[in-house]
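S.K.: Chains as they are written, first to last, in the UniProt record's numbering: chain A, 1 to 116; chain B, 1 to 116. From the three backbone atoms N, C-alpha and C, an ideal C-beta is built for every residue, glycine too.
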DNA sequence: CAGAATCCCTGTTGATACTG
DNA sequence: CAGTATCAACAGGGATTCTG
């Protein structure tokens with residue numbers, strides 16, 4: 001990070017990366033507010049530990065809001081913050097590139113098999 | 001990845017992440033074509049092993065072009081491919097968000113210290 | 001229900017030495 | 001010069017168990 005002081009790409013990527021953060025963000029974007037167990041249901045392969053940890057990091061960065069209801073049984077709801085929503089266009093740009101990259105790879109594949 | 005089949009954010013992020021890839025891309029974007037040793041000079045803390053590995057991955061994804069000159073001593077030059085250049089707007093978007101995120105954090109900081 | 005705490009394992013990174 | 005090979009260190013993530 002010290003090598004390229006004027007570049008904030010890594011700053012942003014630190015927030016987006018982590019094995020589960022993009023998925024978590026996608027679920028929150030498409031479903032709105034969800035409680036912990038609902039979030040977990042949407043991410044079948046994640047462990048509670050990871051879900052908790054990643055949500056905490058997102059919360060620390062003001063991307064996700066954590067609302068605790070003092071009830072029994074406990075209820076905790078997660079949602080994107082307004083600030084977190086500013087990430088959506090960025091995610092869209094990344095996603096768009098990713099989509100066309102898949103096409104690019106398929107194209108390469110065809111060329112390769114045709115030349116054999 | 002199977003959880004969110006319609007989302008290519010992770011596809012794209014796999015190409016951008018890795019501890020050194022954003023730095024390598026930035027160097028190639030700003031300096032154009034560079035040979036291995038020049039690239040290494042721009043990234044003081046990277047090891048040859050890592051530089052080689054990350055360049056290979058970028059090459060596999062058509063982001064970076066590797067030109068080998070059959071000379072003694074050996075010369076190998078790296079540059080962005082045209083396809084790799086399609087990443088620049090995406091990196092710009094990520095960078096812009098990162099820059100304003102730094103401001104956001106500073107703002108938070110001030111609020112926190114003011115309320116004490 | 002929503003987590004916290006542990007332990008363990010594996011992949012990634014780093015340091016170092018060697019080579020065409 | 002531009003790598004490869006090897007080994008050691010470490011961190012991220014997973015499985016499991018416990019709790020307010």
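Alpha carbons only, please: which of A:71, A:74, A:34, A:70 is nearest the one belonging to residue 55 (chain A)?
M.R.: A:34
S.K.: Determine, using beta carbons only, whether residue 101 (chain A) comes closer than 8 angstroms to chain B.
M.R.: yes
S.K.: Scan the UniProt domain "HTH hxlR-type" (7-106) of chain B and note each continuous beta strand (DSSP E) run of 3 residues or more that stays entirely inside, going in chain order.
M.R.: Runs of the beta strand (DSSP E) inside the UniProt domain "HTH hxlR-type" (7-106) of chain B: 64-69, 75-80.
S.K.: What's the gap between the Cα of residue 98 (chain A) and the Cα of residue 106 (chain A)?
M.R.: 13 angstroms
S.K.: Would residue 51 (chain A) pass as a contact of residue 43 (chain A) if the rule is Cβ separation under 8 angstroms?
M.R.: yes
S.K.: Could you tell me if residue 101 (chain B) is buried or exposed, where buried requires 16 or more neighbouring beta carbons within 10 angstroms of its beta carbon?
M.R.: The residue is buried, with at least 16 neighbouring Cβ atoms inside 10 Å.
S.K.: If you draw a straight line from the C-alpha of residue 64 (chain B) to the C-alpha of residue 103 (chain B), how long is it?
M.R.: 32 angstroms
S.K.: Apply the 10 Å Cβ neighbour rule to residue 45 (chain B) and answer buried if 16 or more other Cβ atoms are within range, or exposed otherwise.
M.R.: exposed
S.K.: Looking at residue 39 (chain A): is its Cβ nearer than 8 angstroms to the Cβ of residue 27 (chain A)?
M.R.: yes
S.K.: Quick one: is residue 90 (chain B) buried, meaning 16 or more other Cβ sit within 10 Å of its Cβ, or exposed?
M.R.: buried
S.K.: At least one CB of chain A closer than 8 angstroms to the CB of residue 98 (chain B): is that the case?
M.R.: yes
S.K.: Pull up the distance between the alpha-carbon of residue 114 (chain B) and that of residue 25 (chain A), whole angstroms please.
M.R.: 31 angstroms
S.K.: Along chain B, which residues have their Cβ under 7 angstroms away from the Cβ of residue 94 (chain A)?
M.R.: Going along chain B in sequence order, the residues near residue 94 (chain A) (Cβ under 7 angstroms) are 9, 12, 13, 90.
S.K.: May I ask you to report which of helix, strand or coil DSSP gives residue 110 (chain A)?
M.R.: Three-state result, residue 110 (chain A): helix.
S.K.: Could you give the distance in angstroms between the alpha-carbon of residue 87 (chain A) and the alpha-carbon of residue 21 (chain B)?
M.R.: 21 angstroms
S.K.: So residue 83 (chain B) and residue 62 (chain B) are supposed to be a Cβ contact under 8 angstroms. How far apart are they, rounded?
M.R.: 5 angstroms
S.K.: Compute the Euclidean distance between the alpha carbons of residue 37 (chain A) and residue 14 (chain A), then round it to the nearest angstrom.
M.R.: 25 angstroms
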